[in-house]
Amino acid sequence: MQLWALIVDGFRQAVDSKIFWVLACGTVVIMLALLSIGFEEGKAVFLFGAFETESGGYNPMFELGRSRLVGVIIYYVMSLFLGWIGVVLMIIATADLIPGMLQSGSVEVLAAKPISRWRLFLYRYLSGLVFVFLQAALFIGLTVLVMGFRWGVWRPGLLASIPLLVLMFSYLYCVSAAVAVKTRSALACVLITIGAWVVFAMVSQAPMLMEAFRMEKSSRLYRVVYAVSWVPPKTGDLPILAARFAHAGTSSDVLPESVLQSGGPQQREDFELAREIEERQLKQPPVYSIGSSLLFEAVVLGFAMLSFARTDF
Amino acid sequence: MDLAVTEMTNWAVDLIDVRKTYGRRIQALGGVSIQVGRGEIFGLLGPNGAGKTTLVKIMMSVVRPDSAYGTVLGRPIGHRGKLARIGYLPESHRFPGYLTGAQVLDFYAALAKVPRQKRAANVEKWLHRVGMTQWASTRIRKYSKGMMQRLGLAQALMNDPEMVVLDEPTDGVDPVGRRSIRELLIELKRAGTTVFLNSHMLSELEMVCDRVAILVGGMVARQGTLKELTDHTLEYQIRCGGDVAALTEKIQGLGGRCEDGAVILAGHDPQKLNALIDVLRAGNVLIDSVEPRRFSLEDILVEAMGAETGAGAAAAPIGIARHAT
Numbered sequence: 000m001q002l003w004a005l006i007v008d009g010f011r012q013a014v015d016s017k018i019f020w021v022l023a024c025g026t027v028v029i030m031l032a033l034l035s036i037g038f039e040e041g042k043a044v045f046l047f048g049a050f051e052t053e054s055g056g057y058n059p060m061f062e063l064g065r066s067r068l069v070g071v072i073i074y075y076v077m078s079l080f081l082g083w084i085g086v087v088l089m090i091i092a093t094a095d096l097i098p099g100m101l102q103s104g105s106v107e108v109l110a111a112k113p114i115s116r117w118r119l120f121l122y123r124y125l126s127g128l129v130f131v132f133l134q135a136a137l138f139i140g141l142t143v144l145v146m147g148f149r150w151g152v153w154r155p156g157l158l159a160s161i162p163l164l165v166l167m168f169s170y171l172y173c174v175s176a177a178v179a180v181k182t183r184s185a186l187a188c189v190l191i192t193i194g195a196w197v198v199f200a201m202v203s204q205a206p207m208l209m210e211a212f213r214m215e216k217s218s219r220l221y222r223v224v225y226a227v228s229w230v231p232p233k234t235g236d237l238p239i240l241a242a243r244f245a246h247a248g249t250s251s252d253v254l255p256e257s258v259l260q261s262g263g264p265q266q267r268e269d270f271e272l273a274r275e276i277e278e279r280q281l282k283q284p285p286v287y288s289i290g291s292s293l294l295f296e297a298v299v300l301g302f303a304m305l306s307f308a309r310t311d312f
Numbered sequence: 000m001d002l003a004v005t006e007m008t009n010w011a012v013d014l015i016d017v018r019k020t021y022g023r024r025i026q027a028l029g030g031v032s033i034q035v036g037r038g039e040i041f042g043l044l045g046p047n048g049a050g051k052t053t054l055v056k057i058m059m060s061v062v063r064p065d066s067a068y069g070t071v072l073g074r075p076i077g078h079r080g081k082l083a084r085i086g087y088l089p090e091s092h093r094f095p096g097y098l099t100g101a102q103v104l105d106f107y108a109a110l111a112k113v114p115r116q117k118r119a120a121n122v123e124k125w126l127h128r129v130g131m132t133q134w135a136s137t138r139i140r141k142y143s144k145g146m147m148q149r150l151g152l153a154q155a156l157m158n159d160p161e162m163v164v165l166d167e168p169t170d171g172v173d174p175v176g177r178r179s180i181r182e183l184l185i186e187l188k189r190a191g192t193t194v195f196l197n198s199h200m201l202s203e204l205e206m207v208c209d210r211v212a213i214l215v216g217g218m219v220a221r222q223g224t225l226k227e228l229t230d231h232t233l234e235y236q237i238r239c240g241g242d243v244a245a246l247t248e249k250i251q252g253l254g255g256r257c258e259d260g261a262v263i264l265a266g267h268d269p270q271k272l273n274a275l276i277d278v279l280r281a282g283n284v285l286i287d288s289v290e291p292r293r294f295s296l297e298d299i300l301v302e303a304m305g306a307e308t309g310a311g312a313a314a315a316p317i318g319i320a321r322h323a324t
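Chains A and B are the protein sequences, given in the same order.
Its first residue numbered 0, the first sequence is counted upward by one per residue in numbering that gives the first Met the number 0.
Its first residue numbered 0, the second sequence is counted upward by one per residue in numbering that gives the first Met the number 0.
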């Protein structure tokens, strides 16, 4: 009863913000854009037939074409729009859930109810995740349906992106929640969470960057950086994990052959190295990425809950 | 923190030696002990910074005491389960502006573990009782302060509590609304609900409270029924028609004093009163009236503040004077 009340309240609060409607409008625009694209007899048509061009390697009649279309959706629609712009908007939309609860005059009423502090905090945190889940489910569900009905490409594995996106958001939202307990400021939550996201991405990607620069894996610096890279949550792994479930998603699935083959020998060698790293990431068991990230999240949440439970309001 | 149960008592609130210091220096409560009987209206009063709100928050588990003994509704302080049987309206409360009045009541009642069907019935009942039925579907960001206060009161009553703790319940409410709240408090008392009031409105406390405690500097300066507190401060005022200056020495000899053309005799001593009247009559002074006067709560508060700070009446705020009840 208490969990449901807090989740419904959190949803009401999030829906009350303008950001919710920005996200909703963004979803409608992207879906219309996807709907406007079609494939007919080896040709790709845009804006419901206003323009057309050769479908090239993206013809959904063939497995390679289908795989590339899924790759494009994962990289450009889910990863770029939902994974970046969408997540930033959702960070903003949910930023005030916990600070709002902690405002003077508001927290006293809640803290005087027969619910433990840690539960109150955790339920409120979950209400933010439920909000994101519903947004993601709407967006990704519609994308899967558009791809299936309009293009004939059925990849239900893409639906795994819904919990994956919520998971990735939870890595960031735990930071927002901890900042909320300490500052009670929604603005601080947004700024620090986005800052933390950048740091997480940089630290997680650091070993691969060093590999790209051909640093020796046996060097002390590489080993230290590699060890540190396991500490923060792996927010950048979303498209990789989504690709695993959809059986597509490496750069070779996204980029046309002409791009892969262009450039000099050095560029081709660099591309091959990058693809090798991608392939290796795809082969990594998700349990490493998710497990280490969840451990980080649990530590941050534990700290936030302890702090909340010990605060006098 | 040292939380301990003393013994199960019949008090609704039985607090012993409650201490709280914020940081290392700011002592909010320096060993407060108060008792509130079941089914009575209890008033907590004191100047700003006396520790009233801290004490209330400790009772409601919002603030953790450094040390505390005793019980609230028979359970140790800090026990969360008991909060389902208590209603609480904090001072300057804030509810989410995106909710309607009915949604506010339903939400907080759900957190108080009130079953869904009972919640629906109680929303209607309490909104009607505080005169807010027509605003039930309006988002509360459009409410006035007085409306928010009435909604807050309804929120505190949604779980049909055994005890209701109200911090400044009439703050921002117009005189008609205040009267309505007073009537509601008396109704609650008749229904057996314990009411714990924290208010600056001394005249209102005086009208409804059975017992009061005065908190000064984090300590209980006075505690008891209104009768107990006001009885020992009784004085007589003898209004005279003539000049009493010639009798000043004799009046003072009997413990009286002259003030604004009247003779004042402090304390409750009928023998001295009669002796004083005899002196006045023997001096051919015409007596208009003899009035017993009890001090108001305000007088007692000012007196308590003076005793606590050692500043006496000088501690009284400007404009506060003794007046008859």
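For each residue, glycine too, the CB sits at the ideal point set by N, CA and C.
Going by CA-CA distance only, name the one from the options that's closest to residue i.
| i | options | result |
| --- | --- | --- |
| I25/B | V103/B, L233/B, G217/B and E297/B | G217/B |
| L133/A | G151/A, V152/A, R11/A and Y170/A | R11/A |
| R63/B | Y235/B, A119/B and R79/B | R79/B |
| V262/B | Q222/B, F94/B, F106/B and I250/B | I250/B |
| D173/B | M200/B, E186/B and N273/B | M200/B |
| T192/A | A205/A, D95/A, V27/A and V129/A | D95/A |
| I18/A | T93/A, Y124/A and F50/A | T93/A |
| A245/B | R238/B, I237/B and C257/B | C257/B |
| G145/B | I180/B, A281/B and M157/B | I180/B |
| G240/B | R221/B, L104/B, G260/B and R118/B | G260/B |
| A27/B | Q34/B, V17/B and I33/B | V17/B |
| G70/A | V152/A, T234/A and L163/A | V152/A |
| R67/A | R154/A, V28/A and P98/A | R154/A |
With DSSP collapsed to three states, give me the class of residue i.
| i | result |
| --- | --- |
| P291/B | strand |
| N197/B | strand |
| Q102/A | coil |
| E161/B | coil |
| E258/B | strand |
| E296/A | helix |
| R280/B | helix |
| K144/B | helix |
| M207/A | helix |
| L2/B | In this prediction, L2/B scores a pLDDT of 47, lower than 50, which makes its location untrustworthy; the coordinate-derived value is nonetheless stated afterwards. Strand at L2/B. |
| S32/B | strand |
| E39/A | strand |
| K112/B | coil |
| Y21/B | strand |
| F312/A | coil |
| C239/B | strand |
| Y97/B | coil |
| W10/B | strand |
| V71/B | strand |
When you compare the CB positions of residue i and residue j, do they come within less than 8 angstroms of one another, or not?
| i | j | result |
| --- | --- | --- |
| I15/B | G69/B | yes |
| A11/B | T193/B | yes |
| E107/A | K51/B | no |
| V129/B | A155/B | no |
| S126/A | I6/A | yes |
| L82/B | A101/B | no |
| L141/A | M30/A | yes |
| V243/B | L272/B | no |
| S143/B | T169/B | no |
| F312/A | V61/B | yes |
| V122/B | L104/B | yes |
| L54/B | L300/B | no |
Since residue i contacts residue j with CB under 8 angstroms, what's their CB separation in whole angstroms?
| i | j | result |
| --- | --- | --- |
| D209/B | T229/B | Not confirmed; about 13 angstroms, so no contact. |
| A303/A | A177/A | 4 angstroms |
| L34/A | V202/A | Going by Cβ atoms, the distance from L34/A to V202/A rounds to 39 angstroms, so no, they are not a contact pair. |
| L22/A | G85/A | 7 angstroms |
| T135/A | V165/A | The residue asked about is misnamed: residue 135/A is Ala in this sequence, not Thr. Confirmed, about 6 angstroms. |
| L128/A | F80/A | Their Cβ separation, rounded to whole angstroms, is 20 angstroms, which puts L128/A and F80/A out of contact at 8 angstroms. |
| V131/B | R149/B | First, the amino acid is wrong: residue 131/B is Met here, not Val. That pair is a contact at about 6 angstroms. |
| M89/A | S160/A | The pair is not a contact, with the Cβ atoms about 14 angstroms apart (cut-off 8 angstroms). |
| Y97/B | D15/A | 4 angstroms |
| C173/A | V286/A | With a Cβ gap of about 19 angstroms, C173/A and V286/A do not count as contacting. |
Counting Cβ pairs closer than 8 angstroms, one from the stretch 282-301 of chain B and one from the stretch 232-243 of chain B, do we hit at least three? yes
Is it the case that the stretch 47-66 of chain A contacts the stretch 225-234 of chain A, given that we only count it when at least three CB pairs across the two stretches are under 8 angstroms? no
For the structure I just gave you, are there three or more beta carbon pairs, one from the stretch 170-185 of chain A and one from the stretch 203-219 of chain A, closer than 8 angstroms? no
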